[in-house]
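A.B. asks: Our numbering puts the first residue of the sequence shown at 44, with every later residue one more than the last.
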Amino acid sequence: MLNLLPDFIIEKLKKNEKSGSINGSVLFVDIKGFTHMTEVLMKERDRGSEILSGIINEIFHNLISSIHEYDGFVATFAGDAFTALFCSDTGLRVAGASLKIVKEMKKNHLKKTLLGDFEIAVRVGISMGNVEWALIGDNDRMSYYFKGKAIDAAAEAEAESSPNEINIHISALKNLSEYMLEKRDNRYFLSKNQNIKKPSSVTEYEKNSEAVKIFYNIDQMPEKFIGEFRDVASLFVSFRNYDSFEKINRLMKTIIKMTNEYKGYFNMIDFGDKGAKAVILFGAPISYERNLERSIECAKSIIPLDENNIRAGLTYGHVFAGYIGSKERCTYTVLGDKVNLSARIMNDAPFGSLWTESSVAKDMKWKYNFSDIGEILFKGKSSKERVYEIKSKKNLTIEENLFENEIVGRETELKRIQRIIDENLLRGSFGGIINILGEPGIGKSRLIFEIVQRNYDKCSSVLLKNDDIYHRSLYPFEVFLKKQFNQINVESEKKKREEFENSLKKIVEGISDNKKAGSEEEIIHTKEMLKGFLKISDIGSEWESMDSKLKLENTIFAIKHFLKILSLNKPLLLSVEDIQWQDKETDELFKVLVRKIENYPILIITTSRYNDDGSTIKLPVEKDCPSEDIVITVLSIEQSRDYISKQLIFSPSNNLIEKIYEKTEGNPFYIEQISLYLIENNILEKKNDKNCLKKDMEEIPQGINAILLARIDRLTRELKDIVQSAAVLGREFEIEVLSNMLSGRVDERILLEGVNEKIWQPLNQIKYIFKHNMIRDVAYSMQLKSKIKELHFVAAEALEKIHKNENERYADIAYHFEKGEIYNKAQYYYSKAGMDSMSNFRNYDAERYLLSALKFSNNKKEINELNIALCTVYYQMGEWQKAKNIYVELINNMDESIHDELNAEIFLGYSELLFEKGEIEESKQFLEKADFIFKKLNDKKGSIRVLMANGQILWRAGNLPESESVYKKALEIVSENNDENLIAEIFLTLGNIFKDRCDFDTAMEYYE
C-alpha cells in the first residue's frame, strides 16, 4: 500500500492524541516548471500522463529520500510544492536536506521526453519555530493539518527565493549562522558549496496500513501510481479567524460531511502560502455526473456556514490527476493551470462570495445567475482573466423548455378544455376526466402544456409521467411526490424530512377551506403515510407497524387526500401522460381518487396512444365519473402551412409546403423533424424570395424513421454513441447510470450538445428525457442486435453497481439482464423483484416478475419456490382458482416420500387456500401432511403455523373455546422462540376470538 500519511500522524493516531505542537525546522519546497510541463503533456492524453507520472515519480523520489535521510518527514503536499518538518532540529538536518535537494535538482534539471524537453528547478525556504498539528474529522473520515508561524515563515522565505536557491527566514538565521551563508538584498541564503553530514540514525515509526483507511476511501483511490488527465472542478475554500483546534475541527467536520454529500473528494486542509484553505475536487479520483454543478452547490452550502470568514474560488477543466510524491510518501491530488487559477481566484474573492472563471460562467449560465467582476491579471499569467461571481440558481423546469414553438391548429380542442375549467374548476367543483387520444407525435403533450400555460395564474398543475421501462407500482406518483417535497438529490434522511415538513407546512397554510381539508388528525395521518411512501418515516411511526397491504391502501388514500389539499390552495390540473404504460396500483389510485370529490376543483387530463387494434385506453374508473374524449388528428394543409411558415422555415414556397405535407401527412412532430432536416442539410435555396427545394424530395430518406435515422447519423460520433447508449435505458435516463455505462464519458458539455441538437432535455438534477420517444425508438432500433444486447448487459451492470441495494430497482436490473441475455442474473433479479412486490402487496407487479423469473428457472427447487410465491400472490389477489391449479400441479409432480421443507410449504399453502374456499375437510387432510413433515424436520415454526391454522378452522366452525386453547398453546411455544411477528399475529387472533365471545375487556387486552 502507498504511504499516503506522514508516519508522525500515524503515530499520534495510534496514541489517540488529537492535537499538539512540535518545535523544530520547517522546509518549504516549490518545484518550478511543473505547471508548464503538465499543460504541454496534457495535450497528449494517455501518452502524456504516463510520461508525466514517470517524471513526477523520479523527481519526488529523490526529494523525499533527501528529507528522510536527514530524519525529516513530508507533512503536506500542495500541488507541486510540499512542506517538510524536522522535529527537535538544531538546524543541522534541515540544512543538510535542503542542500541535497538543490544539488539533486541541479544535476537532473533537464527532463528529456519524446514530447519535448522540460527545465525543472526548485525554490526552497527554511524557518524554525513552533508548529501546531491536529487530527480533525471523525471516525467516518479524518484529515490532519500542520500550522503555525514557522509554516508561514518558510512559505514566505520560499516566495522570496530564486530557482535552486535556499532562502533562510530570520527565525532560522541564528541556528544556521555556523554554516556558510550568502547575503543578498538583506536576505540570507544557504551557500551550496558545502556538505553537511547525515545524522547517524533516523526516527523509526511502526507502520500501520489500516490507519490510512480512516483518512481515505481506499476503494475509490487509483491502484496504479500512473496518473491520468481528467476534467475536474477544483474548489479552493479560504477561511480566516479560525485559530483554535476546536473551531477548525468543527468547521472541517462540516465541510468534509458536505463534500461527501455532494460526492466530492476532500483533498486537504492547508495552512501555507495562501493562508488557511481547504481543497475539494469533483471529478477525481472518482467522477460523477454534473461534477461542475456539484462543486457549485457544495461551495454554496459551505460559504453560508460563516459568510464573514469564508470565500471560495472555482475552476473547471483538464488537469493531471494522480499520486504526487513517491511510494515512500505521497498524496493524491491534481496539477495544472486550472488548479493554480482556482487558488488565485480564491485569494482575490471577498469573503462571503464564490468567484469563478469565464468558462464556468459560459457553461453554467443556463442554470445559474452570474455577476461579471471584470478582468484581473493573476500571478503567473501573461494576460488578464475575466472573473465572475456565481450568484443564485435559476428556476428552471422541464415544462418551460420542451415546447419552444407556438401551438397551431388546436384552438377547438383548447376551447373545449377551457370551458370545462371555467365551468367547473374555477367554480370550485370536480371537472371530471378529459382523455386526449392520438398517434405518436400528434401533439398530445403539447396540448396539455398549452392549457397549463394559459391557466398558469388561475390553476396549479401536476404532471404525472408513465414510463414503458420503469413500470413499477405507483411510479408516476413517486416521481411527483419526490419533486413536490424536494427529495431529489438530497442524500441526508434528516434533510429529506426537513424539506418534506417545510413543503407540506406551506401547502397546508395556503388552504382556502379548512373544513374541506379534513381534521388535523387526518392531515397528520396523511403526512405520516406520505413520509412512509417516500421512505423517510420516523422510527416507531404508525407506518412501520403496518403490514404491506395496509401500507398500500393507506398510501392511496393519503395521496388522494394530498391532491384534495392541493386543489384547495388553487384549482388543480392533474395531467397524466401515456396511460397505456400505467401500472395497476396507479389505476387503483385513480379509481379511489374520483370518488366523492364533487366539491374539489380537480380536472384530470390523460394522454394515450391507441392499441394496435385501434381500441382506446382510458383510466379504469366507475362509469358514472364524468369524462370527455378529445381525439387529436393531423394538421390540415393550411394549418401545416401556418406552422411551417411562421415557426420553421422562413418564407417557404407553396411547392415546399406541399412536399413537406405529403411526406408528413400533417403530423406536427414529423413536420418539425423534416424541416430541420432540410435546413441542416442545406437542401433549400432562395428563388423569388421564397425558400424552395434544391433537389427532388425523392432523394430525402423515405418515412419518418429514415428522417430521424439520418438526423441521428448527423450527430457527432461522440454524441451519437451516447444517444444510442441512452436509448437502451428508456425515454428517461439517469445520468449516473449512463455515465457508468460509458466509463464516465458523459459530462455537462455532451449533455448540453444533446440539448442544443434538440435530442433531449434535463428533467431534473439526475435525469434527462428524450424530447420525443420516437427519437429514442429510432436510436435504439438502428443498432445491430449484438450491440443492443451488449448495451443492455452494460446497463444492467451499471444499474446493479449503483442501485443494487434498492428494492424498487430489481425489476429494472432484471429487464436489462434479460435483454442482455444473461438469463441467470435476470432470473435472480426478477425473483427478488417478485418477492419484494409480493411482500409489499404490489400483486400485479409480483405476478409479472415471478412469471418472468420462472421463464429462466431450470432448477426444480427454484421453480417450486417461485410457484409457491406465485400462489401467495394469487391468494392475495383473490385469484383462488389460479392458485389452486398451481398447487394441484405441484402436488401431482411431488415425490411425497421426500420430507423436505418445500413439500411442507406446498401442503400448508394449499391447505390455507382450501380453508378460504370453505373446503374444510380437504384442508384438514393437507394440514396433517404439512404437520407430519414439519415434525419430522423438527421445524418448530412450521409446526406452530400448522397449530394456528387448526385454530382458524376451529374458530370458523364456531368452536371458540377450543380455538382459544389452541392459540394459547401456540403462544406458549412461540414465546420461547421470541418470534415477535407470530406473537403479534396470535395476540390479534385471540383478541378477535374474545371479541366474538363479547368479552371486550379481554379482547382489548390482547389488542393492546
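The C-beta atom is built at its ideal place from N, Cα and C for all residues, glycine as well. In this text, all values refer to a predicted model and were calculated from it rather than measured experimentally.
Taking 7 Å as the limit between beta carbons, can you name the residues of its chain near Glu742, skipping five residues before and five after?
C.D. replies: Low local confidence applies: a pLDDT of 44 at Glu742 is under 50, so the model's placement there is unreliable, and no value is given.
A.B. asks: Work out the CA separation of Leu178 and Lys58 for me, nearest whole Å.
C.D. replies: Computed Cα separation, rounded: 12 Å.
A.B. asks: Our contact map puts Ser679 next to Gly709 with C-beta atoms below 8 Å; I'd like the distance itself, whole angstroms only.
C.D. replies: Their Cβ separation, rounded to whole angstroms, is 7 Å, which keeps Ser679 and Gly709 in contact under 8 Å.
A.B. asks: If you reduce the DSSP assignment to three classes, tell me which class Arg409 lands in.
C.D. replies: Looking at the sequence itself, residue 409 is Trp, so the reference to Arg does not match. Looking at Trp409 - three-state DSSP - the assignment turns out to be coil, as it is neither helix nor strand.
A.B. asks: Could you tell me whether the stretch 67–79 touches the stretch 164–172, using the rule of 3 or more Cβ pairs below 8 Å?
C.D. replies: These segments touch.
A.B. asks: Is it buried or exposed for Leu294, if we count other Cβ within 10 angstroms and need 16 for buried?
C.D. replies: Per the 10 Å Cβ criterion, buried.
A.B. asks: For the beta strand (DSSP E) that contains Gln530, what are its first and last residues?
C.D. replies: Gln530 -> no beta strand (DSSP E), and no H or E assigned at all.
A.B. asks: DSSP three-state call for Cys735: helix, strand or coil?
C.D. replies: Three-state result, Cys735: strand.
A.B. asks: Could you tell me how far apart the beta carbons of Ile257 and Asn182 are, in whole angstroms, since I believe they sit closer than 8 Å?
C.D. replies: Between Asn182 and Ile257 the Cβ distance is about 7 Å, and since that is below 8 Å, they are a contact.
A.B. asks: Quick check: the stretch 109–125 against the stretch 387–395, are there 3 or more CB pairs under 8 Å?
C.D. replies: Verdict: no, contact absent.
A.B. asks: Should Gln1054 be labelled buried (16 or more other beta-carbon atoms within 10 Å of its own) or exposed?
C.D. replies: Any question about residue 1054 goes unanswered here, given that the chain covers just 44 to 1051.
A.B. asks: Tell me the start and end of each unbroken alpha helix (DSSP H) in the stretch 546–583 that is at least 4 residues and wholly inside, in chain order.
C.D. replies: Runs of the alpha helix (DSSP H) inside the stretch 546–583: 557–560 and 563–576.
A.B. asks: Among the residues of its own chain, which have a CB less than 6 Å from the CB of Gln924, if the five just before and after it don't count?
C.D. replies: Here the set comprises nothing.
A.B. asks: Let me make sure I understand the geometry here. Which of Ala198, Asn310 and Asn848 has the alpha-carbon closest to that of Ile323?
C.D. replies: Residue Asn310 is the option with its Cα nearest to Ile323.
A.B. asks: Between the beta-carbon of Thr649 and the beta-carbon of Ile476, is there less than 8 Å?
C.D. replies: Yes, they are a contact pair.
A.B. asks: Mind checking which residues open and close the beta strand (DSSP E) that includes Gly360?
C.D. replies: Here the beta strand (DSSP E) through Gly360 covers Ile353 to Ser369.
A.B. asks: For Trp803, does the count of other Cβ atoms within 10 angstroms reach 16, so buried, or fall short, so exposed?
C.D. replies: Buried is the call here.
A.B. asks: Across which residues does DSSP place Val117 in a beta bridge pair?
C.D. replies: Partner(s): Ala127.
A.B. asks: Look up Val771 in the DSSP assignment and say whether it is helix, strand or coil.
C.D. replies: Coil.
A.B. asks: Relative to the C-alpha of Ala404, which residue among Ser426, Tyr366 and Thr358 is closest?
C.D. replies: Selected option, being the one with the closest Cα: Thr358.
A.B. asks: Tell me the rounded alpha-carbon separation between Met878 and Ser330.
C.D. replies: Between Met878 and Ser330, the C-alpha separation is close to 34 Å.
A.B. asks: With DSSP collapsed to three states, give me the class of Val495.
C.D. replies: Note: Val495 maps to helix in three-state DSSP.
A.B. asks: For the stretch 600–615 and the stretch 556–574, state whether three or more C-beta atom pairs, one from each stretch, are separated by less than 8 Å.
C.D. replies: Contact between the stretch 600–615 and the stretch 556–574 is present, because at least three Cβ pairs lie under 8 Å.
A.B. asks: Measure how close the beta-carbons of Leu70 and Ile169 come, nearest whole angstrom, since I'm counting them as under 8 Å.
C.D. replies: The pair is a contact, with the Cβ atoms about 6 Å apart (cut-off 8 Å).
A.B. asks: Among Leu278, Glu112, Thr374 and Val362, whose alpha-carbon lies nearest the alpha-carbon of Arg354?
C.D. replies: With distances taken between Cα atoms, Arg354 lies closest to Leu278.
A.B. asks: Note the first and the last residue of the continuous alpha helix (DSSP H) segment covering Ile257.
C.D. replies: Note, Ile257: alpha helix (DSSP H), Val255 to Phe258.
A.B. asks: Report the rounded CA-to-CA distance for Asn236 versus Leu348, giving the unit in angstroms.
C.D. replies: Those two C-alpha atoms are separated by around 52 Å.
A.B. asks: At which residues does the alpha helix (DSSP H) containing Val145 begin and terminate?
C.D. replies: Its alpha helix (DSSP H) spans residues Leu135 to Lys150.
A.B. asks: Just checking my contact of Lys501 with Leu469 at CB under 8 Å: how many whole Å lie between their CB atoms?
C.D. replies: Going by Cβ atoms, the distance from Lys501 to Leu469 rounds to 6 Å, so yes, they are a contact pair.
A.B. asks: Would you kindly work out how many angstroms separate the C-alpha atoms of Leu1057 and Ala839, rounded to a whole number?
C.D. replies: In this structure the chain extends from 44 to 1051, so residue 1057 is not present and cannot be described.
A.B. asks: When you compare the stretch 880–890 with the stretch 909–922, are there three or more beta-carbon pairs, one atom per stretch, that lie closer than 8 Å?
C.D. replies: Output reads yes: the stretch 909–922 touches the stretch 880–890.
A.B. asks: Is the stretch 591–603 close to the stretch 625–641, with three or more CB pairs under 8 Å?
C.D. replies: Segments in contact, yes.
A.B. asks: Evaluate the contact criterion for the stretch 279–286 versus the stretch 361–375: three or more CB pairs, one atom per stretch, below 8 Å.
C.D. replies: Flag = no, the stretch 279–286 and the stretch 361–375 do not touch.
A.B. asks: Comparing alpha-carbon positions, which option in Asn993, Val174 and Lys613 lies nearest Gln968?
C.D. replies: Among Asn993, Val174 and Lys613, the Cα nearest to that of Gln968 belongs to Asn993.
A.B. asks: Quick check on this structure: which residue in Phe712, Tyr113 and Ser696 has the alpha carbon closest to the alpha carbon of Lys733?
C.D. replies: Measuring from the Cα of Lys733, the nearest candidate turns out to be Ser696.
A.B. asks: If I'm right that Ala392 touches Phe325 with Cβ under 8 Å, what's the distance once you round it to whole angstroms?
C.D. replies: Contact flag wrong, Cβ pair sits at about 18 Å.
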